[in-house]
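Chains as they are written, first to last, in my numbering: chain A, 1323 to 1451; chain B, 123 to 512. One structure is given here, and the rest of the page talks about it.
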């Protein structure tokens, strides 16, 4: 089991407050365009595909697959940077936590968990499902 | 209208230093400018356009233009990280073709080593107003190495690429660097030494990473009538391409780079194909960067880069595609943590026949330089130039 790494607080704006409030309440929120139907990440007030502004917030299932990862061995506490492809479509940057990093494999199933940051909202991270 | 052949590279200079303790950033910019103008047989007063990127001190090009005492009618400080200077060659060609200038000076300088900068392994916030991506990335600890590491990891997963294959890229660079007296690392290394070097961020070992050096370089791009008046080999710019590749709103695909667009564009403009190229300067921030760009530029099929780079295929005099014969960023120089300018320099040396005799490619009359700036793992700029000796 890896040691815990201190997580810096993300900066929150009005555009992204729902995402971060959701994370602090244990929900992974995703933006989806009501015009073209595409979900995207990171969340924006517009759709980066059709540029429409009718974008809704949906609660994601928290399920996904590990698209790629890299374990930073030169940090005071080694950690796994990763991209996770969400069941809802978008791929998001994240960390993989609470596991043996040497057993990670691309495309394995993962699920969301939430970790406290230093003085900010909770941060969505993932762990093997 | 095609801009093929609308301008020539007439002057180049690479600063010999790799540790610039007693010289300022601005001084290095001026020294490399002086060197490239002297190489071309031109003077400062001939310069009517100046190009620089974020490594130059001050707001855009203004402080450097003042410091050097330039008088310009065209300036461009487009910054796409380390690939900027390859893009600047393309922009200089456009400006010259449009009649905006005749002698364009491009400079790069940096002192990350003297300043003790932790370049690749520490996450950095830019400060000030965060970019929209920053809150969704910075807390997770992205660094230069682990972002490129993720690209390498996915490439290995999808195509079976191995650490030993990546290591061949460093091995080839080291074979070239032994002949460069200015190279930071001149020892020839083996595949075993690369894969046994300490793991920095999986799957990238220390020897998969480029060097951190101070220094810089400059390029002078000129109009055809100026090139004809100079007593230098005529190195014509016949192909250019530029793009920005992003995470595309979450449709992340780490298996290719922006070279997939800039390569075909540059080849189409030049009217040549990858197999025609005698020498290639390929951006080498990491071994994986080289491998993916070679695939994307069309030197081999996507996913076959591992086999392509193996067994010395990139070593001059040994393989089919000699690359980075100065030792590249992996062994010689990566000034300001931006390796695009030095890529153009070695391509011009090869095209002129002025590379080190031990690595000079015979009749290298058609060469390519390509840059990747920013991060292969998220968003990056790509730029390609194809040069022909007239």
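For glycine and all other residues, C-beta sits at the position ideal for the given N, C-alpha and C. Computed from a predicted model, the values in this text were never measured in an experiment.
Does the beta carbon of residue 1333 (chain A) come closer than 8 Å to any beta carbon on chain B? Within the first chain, residue 1333 (chain A) is the residue found at index 11, counting from 1. Residue-level contact by beta carbon holds for residue 1333 (chain A) and chain B, with a gap shorter than 8 Å.
Can a CB atom of chain B be found closer than 8 Å to the CB of residue 1354 (chain A)? Here the question's residue 1354 (chain A) lines up with position 32 in the first chain. Answer no: the Cβ-Cβ gap between residue 1354 (chain A) and chain B never drops below 8 Å.
Spatial neighbours of residue 508 (chain B) within its chain, please: CB distance less than 6 Å, with the 5 preceding and 5 following residues excluded, ordered by chain position. On the second chain, position 386 is the one that residue 508 (chain B) refers to. So the list reads 360, 361, 388, 392, 490, once near-sequence residues are dropped.
Of the listed residues B:399, B:196, B:410, nearest to residue 420 (chain B) (C-alpha basis): Indexing the second chain from 1 puts residue 420 (chain B) at position 298. That would be B:399, whose Cα lies nearest to the Cα of residue 420 (chain B).
Give, in chain order, every unbroken run of the alpha helix (DSSP H) that is at least 4 residues long and sits entirely within the stretch 342 to 395 of chain B. Within the stretch 342 to 395 of chain B, the complete alpha helix (DSSP H) runs of at least 4 residues are 346 to 351, 381 to 392.
Name, please, each residue of chain A whose Cβ falls closer than 7 Å to the Cβ of residue 259 (chain B). Translated into the one-based positions of the second chain, residue 259 (chain B) becomes position 137. The answer, in chain order, is 1415.
Counting only Cβ pairs nearer than 7 Å, list the residues of chain B close to residue 1403 (chain A). Within the first chain, the letter at position 81 stands for residue 1403 (chain A). Within chain B, the residues near residue 1403 (chain A) are 262, 263, 264, 268, 272.
For residue 289 (chain B), the nearest candidate out of B:275, B:315, B:424, B:281 (CA to CA): Here residue 289 (chain B) corresponds to residue number 167 of the second chain, with the count starting at 1. When only C-alpha atoms are compared, the closest one is B:315.
If you run the structure through DSSP and keep just helix, strand and coil, what is residue 1373 (chain A)? Locating residue 1373 (chain A) in the first chain gives position 51, counting from the first residue. Three-state result, residue 1373 (chain A): coil.
Run down chain B in chain order and give the residues with a C-beta less than 7 Å from the C-beta of residue 1456 (chain A). The structure shown has nothing for residue 1456 (chain A), since chain A only spans 1323 to 1451.
Are three or more beta carbon pairs between the stretch 1345 to 1352 of chain A and the stretch 1372 to 1385 of chain A nearer than 8 Å? With a cut-off of 8 Å on Cβ pairs, the stretch 1345 to 1352 of chain A is in contact with the stretch 1372 to 1385 of chain A, counting three or more such pairs.
On a Cα-Cα basis, can you pick out the residue from B:241, B:219, B:483, B:269 that is closest to residue 345 (chain B)? Locating residue 345 (chain B) in the second chain gives position 223, where the first residue counts as 1. The candidate whose alpha carbon is nearest that of residue 345 (chain B) is B:219.
So is residue 235 (chain B) in contact with chain A if we call contact Cβ pairs under 8 Å? Residue numbering aside, residue 235 (chain B) sits at position 113 when the second chain is read from its first letter. No Cβ of chain A is located within less than 8 Å of the beta carbon of residue 235 (chain B).
Short Cβ contact (8 Å threshold) for residue 276 (chain B) with residue 141 (chain B): Position 154 of the second chain, counted from the start, is the residue given in the question as residue 276 (chain B). Position 19 of the second chain, counted from the start, is the residue given in the question as residue 141 (chain B). Here residue 276 (chain B) is not near residue 141 (chain B), since their CB atoms are 8 Å or more apart.
Shorter than 8 Å from the beta carbon of residue 509 (chain B) to some beta carbon of chain A? Your numbering for residue 509 (chain B) matches position 387 in the second chain. Output row for residue 509 (chain B): interface = no.
Mapping the DSSP letters down to three states, classify residue 1450 (chain A) as helix, strand or coil. For the purposes of this step, residue 1450 (chain A) is taken as the residue at position 128 of the first chain. The three-state reading of DSSP puts residue 1450 (chain A) in strand, counting E and B together.
Is there a Cβ of chain B sitting closer than 8 Å to that of residue 1362 (chain A), yes or no? Within the first chain, numbered from 1, the residue matching residue 1362 (chain A) stands at position 40. Taking Cβ atoms only, chain B reaches closer than 8 Å to residue 1362 (chain A), which makes this a yes.
Across which residues does DSSP place residue 416 (chain B) in a beta bridge pair? For this step, residue 416 (chain B) is matched to residue 294 along the second chain. Paired residues: none, contrary to the question.
With 8 Å set as the bound, which would you pick, yes or no: does the beta-carbon of residue 1387 (chain A) sit closer than that to a beta-carbon of chain B? Indexing the first chain from 1 puts residue 1387 (chain A) at position 65. Against chain B, the CB of residue 1387 (chain A) has no partner CB under 8 Å away; the residue lies outside that interface.
Starting from residue 318 (chain B), follow its DSSP beta bridges and name the residues at the other end. In the second chain, residue 318 (chain B) corresponds to position 196, counting from 1. None; residue 318 (chain B) has no bridge partner.
Please list, in chain order, all residues of the same chain as residue 320 (chain B) whose beta carbon is under 6 Å from its beta carbon, the five residues on each side excluded. Position 198 of the second chain, counting from 1, holds the residue named residue 320 (chain B). Closer than 6 Å at the Cβ level, and outside the excluded window around residue 320 (chain B), lie 328.
Could you tell me the alpha carbon to alpha carbon distance between residue 1432 (chain A) and residue 1426 (chain A), rounded to whole angstroms? Translated into positions along the first chain, residue 1432 (chain A) becomes position 110. Translated into positions along the first chain, residue 1426 (chain A) becomes position 104. Straight-line measurement puts the Cα of residue 1426 (chain A) at about 10 Å from the Cα of residue 1432 (chain A).
Spatial neighbours of residue 1332 (chain A) within its chain, please: C-beta separation below 8 Å, excluding the five flanking residues on both sides. Here residue 1332 (chain A) corresponds to residue number 10 of the first chain, with the count starting at 1. The answer, listed in chain order, is 1342, 1439, 1442, 1443, 1445.
Within the stretch 415 to 459 of chain B, note down every full alpha helix (DSSP H) run reaching 4 residues or more, in order along the chain. Qualifying alpha helix (DSSP H) stretches, in chain order: 427 to 431.
Entirely within the stretch 166 to 224 of chain B and at least 3 residues each: give me those beta strand (DSSP E) ranges in chain order. Listed in chain order, the complete beta strand (DSSP E) runs (minimum 3 residues) inside the stretch 166 to 224 of chain B are 171 to 173, 196 to 198.
Since residue 331 (chain B) sits in a beta bridge, which residues does DSSP pair it with? Working through the second chain from its first residue, we reach residue 331 (chain B) at position 209. As a beta-bridge residue in DSSP terms, residue 331 (chain B) pairs with B:408.
Residue 1388 (chain A), DSSP secondary structure in three states: Your numbering for residue 1388 (chain A) matches position 66 in the first chain. Residue 1388 (chain A) falls in the strand class under three-state DSSP.
Quick one, which residues of the stretch 366 to 386 of chain B are near chain A if we go by CB-CB under 8 Å, in chain order? Taking 8 Å as the Cβ-Cβ cut-off against chain A, the residues of the stretch 366 to 386 of chain B that qualify are 369, 370, 371, 372, 373, 374, 376.
Out of curiosity, what's the CA-to-CA distance linking residue 262 (chain B) and residue 1408 (chain A)? Translated into positions along the second chain, residue 262 (chain B) becomes position 140. Translated into positions along the first chain, residue 1408 (chain A) becomes position 86. In a straight line, the C-alpha of residue 262 (chain B) is about 17 Å away from that of residue 1408 (chain A).
Spell out a yes or no on whether the stretch 191 to 208 of chain B and the stretch 154 to 170 of chain B are touching, meaning 3 or more CB-CB pairs, one atom from each, closer than 8 Å. In short, these stretches touch, since the Cβ pair count reaches three.
Given residue 1328 (chain A), which residues of its chain have a CB within under 7 Å of its CB, disregarding the five upstream and five downstream residues? On the first chain, residue 1328 (chain A) is found 6 positions in, with the first residue counted as 1. Closer than 7 Å at Cβ, skipping near neighbours: 1440.
Quick one: what does DSSP say residue 403 (chain B) is sitting in, helix, strand or coil? Translated into the one-based positions of the second chain, residue 403 (chain B) becomes position 281. Correct three-state label for residue 403 (chain B): strand.
Apply the 10 Å Cβ neighbour rule to residue 1430 (chain A) and answer buried if 16 or more other Cβ atoms are within range, or exposed otherwise. As a position in the first chain, residue 1430 (chain A) is number 108, starting the count at 1. Classified as exposed, residue 1430 (chain A) has fewer than 16 neighbouring CB atoms from the shown chains inside 10 Å of its CB.
Just mark residue 309 (chain B) as buried or exposed, buried being the case when its beta carbon has 16 or more other beta carbons within 10 Å. Residue 309 (chain B) sits at position 187 when you count from the first residue of the second chain. By the neighbour-count criterion, in which a residue is buried when 16 or more other Cβ atoms sit within 10 angstroms of its Cβ, residue 309 (chain B) is exposed.
Are the Cβ atoms of residue 1394 (chain A) and residue 318 (chain B) separated by less than 8 Å? In the first chain, residue 1394 (chain A) corresponds to position 72, counting from 1. In the second chain, residue 318 (chain B) corresponds to position 196, counting from 1. Inclusion of residue 1394 (chain A) and residue 318 (chain B) in the CB contact set at 8 Å is not warranted, their separation being larger than that value.
Just verifying my parser: in three-state terms, what is the DSSP assignment at residue 1437 (chain A)? Position 115 of the first chain holds residue 1437 (chain A). DSSP places residue 1437 (chain A) in strand when its eight states are reduced to three.
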